[in-house]
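Numbering (the numbering used here), first residue to last: 41 to 283.
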């Protein structure tokens, strides 16, 4: 099939320009992710003689589709690849929203269950000890106990991050029911075990010399973590119904 004049003169973009186009709508997009998705066959950018990637408008549209399906519908990459293959063959991708009665989707935000994307958060939120105590509305003695039992750990700079604030607020609310930091050690132990399981899964990926290893490990960690929290929460709900 011949190449049209429009295709010959289409301005191709380098990977930095692609990031600039996508980041306003998808702040989490990174170069390793794009390379990883290329490795998985979701996109196939052109290559210059020197090996640099060059992206067409169609490539950018495919990236938008991948990002939207992951962000809005949490679709696995294998399913997204099937959608893209259907589009390549002139077909319409499957409808995302159900068209027949089905089991209602769990409202994750209402249940407080994080999506995989929340485990990729990397903010610059930093609080001093005095600020943490004030904003979390706790006493310095409670913060001391949370640190003593390993529930909160200060950063090397002596500051505290978002997770420390959330833990402090949760501990404050649990204290109203008579649960003290020493009672919460069981939560920390359970969390450490779950982290250990995730480490076992991703360790072989991280040891790989593949250029996409880091992105694949990051993807696996976020998805396994979200599923782990969902399973944990559901098991607790099921157990409480038997009380």
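Yeah, the Cβ is synthetic: ideal placement off N, Cα and C, and Gly gets one too.
Source: prediction; values computed, not measured.
Limits of the alpha helix (DSSP H) - the one that residue 174 falls within:
Residue 174 sits at position 134 when you count from the first residue of the chain shown. Here the alpha helix (DSSP H) through residue 174 covers 169 to 176.
Beta carbon of residue 215 nearer than 8 Å to that of residue 182: For the purposes of this step, residue 215 is identified with residue 175 of the chain shown, where counting begins at 1. For the purposes of this step, residue 182 is identified with residue 142 of the chain shown, where counting begins at 1. The answer is yes: Cβ separation under 8 Å.
Exercise. What whole-angstrom Cβ distance do residue 238 and residue 278 have, given they're in contact under 8 Å?
Worked result: By one-based count along the chain shown, residue 238 stands at place 198. By one-based count along the chain shown, residue 278 stands at place 238. With a Cβ gap of about 23 Å, residue 238 and residue 278 do not count as contacting.
Q) Under 8 Å, do residue 167 and residue 175 count as touching if we go by C-beta distance? A) Start at 1 with the first residue of the chain shown, and residue 167 comes out as number 127. Start at 1 with the first residue of the chain shown, and residue 175 comes out as number 135. Going by C-beta atoms, residue 167 is nearer than 8 Å to residue 175.
Between the Cα of residue 185 and those of 156, 106 and 224, spot the shortest distance and give me the residue it belongs to. Locating residue 185 in the chain shown gives position 145, counting from the first residue. Among 156, 106 and 224, the Cα nearest to that of residue 185 is on 224.
Query raised in the report: Cα separation between residue 172 and residue 187?
Result: On the chain shown, position 132 is the one that residue 172 refers to. On the chain shown, position 147 is the one that residue 187 refers to. Each residue's alpha carbon lies about 13 Å from the other.
Rounded to the nearest angstrom, what separates residue 118 and residue 189 at their Cα positions? The residue you call residue 118 lines up with position 78 of the chain shown. The residue you call residue 189 lines up with position 149 of the chain shown. Their backbone Cα atoms lie some 42 Å apart in a straight line.
The alpha helix (DSSP H) with residue 200 in it runs from where to where? Here residue 200 corresponds to residue number 160 of the chain shown, with the count starting at 1. It is not in any alpha helix (DSSP H) - residue 200 carries neither H nor E in the DSSP assignment.
Test item: CB-CB of residue 94 and residue 52 under 8 Å: On the chain shown, residue 94 is found 54 positions in, with the first residue counted as 1. On the chain shown, residue 52 is found 12 positions in, with the first residue counted as 1. In contact: residue 94 and residue 52 (Cβ atoms closer than 8 Å).
Could you spell out the range, first to last residue, of the alpha helix (DSSP H) harbouring residue 239? Along the chain shown, read from residue 1 onward, the residue named residue 239 stands at position 199. Here the alpha helix (DSSP H) through residue 239 covers 225 to 247.
Buried or exposed: which applies to residue 74, given that a residue is buried once 16 or more other Cβ atoms fall within 10 Å of its Cβ? Against the chain shown, residue 74 aligns to sequence position 34. Its Cβ being crowded by 16 or more others within 10 Å, residue 74 is buried.
Open item on the list: With H, G and I counted as helix, E and B as strand and the rest as coil, what does DSSP make of residue 189?
Closed with: Residue 189 sits at position 149 when you count from the first residue of the chain shown. The answer is coil: DSSP assigns residue 189 none of H, G, I, E or B.
Buried or exposed: residue 257, going by 16 or more other Cβ atoms within 10 Å of its Cβ?
On the chain shown, residue 257 is found 217 positions in, with the first residue counted as 1. By the 10 Å Cβ count, residue 257 comes out buried.
Worksheet entry | 6 Å Cβ shell around residue 234 - same chain, five flanking residues per side excluded | Your numbering for residue 234 matches position 194 in the chain shown. Correct list, in chain order: 268.
Which residue from 159, 217, 226 and 180 puts its Cα closest to that of residue 203? Walking along the chain shown from the start, residue 203 turns up at place 163. Among 159, 217, 226 and 180, the Cα nearest to that of residue 203 belongs to 159.
Note down the Cα distance separating residue 70 from residue 87, rounded to an integer number of angstroms. In the chain shown, residue 70 corresponds to position 30, counting from 1. In the chain shown, residue 87 corresponds to position 47, counting from 1. Whole-angstrom Cα-Cα distance: 19 Å.
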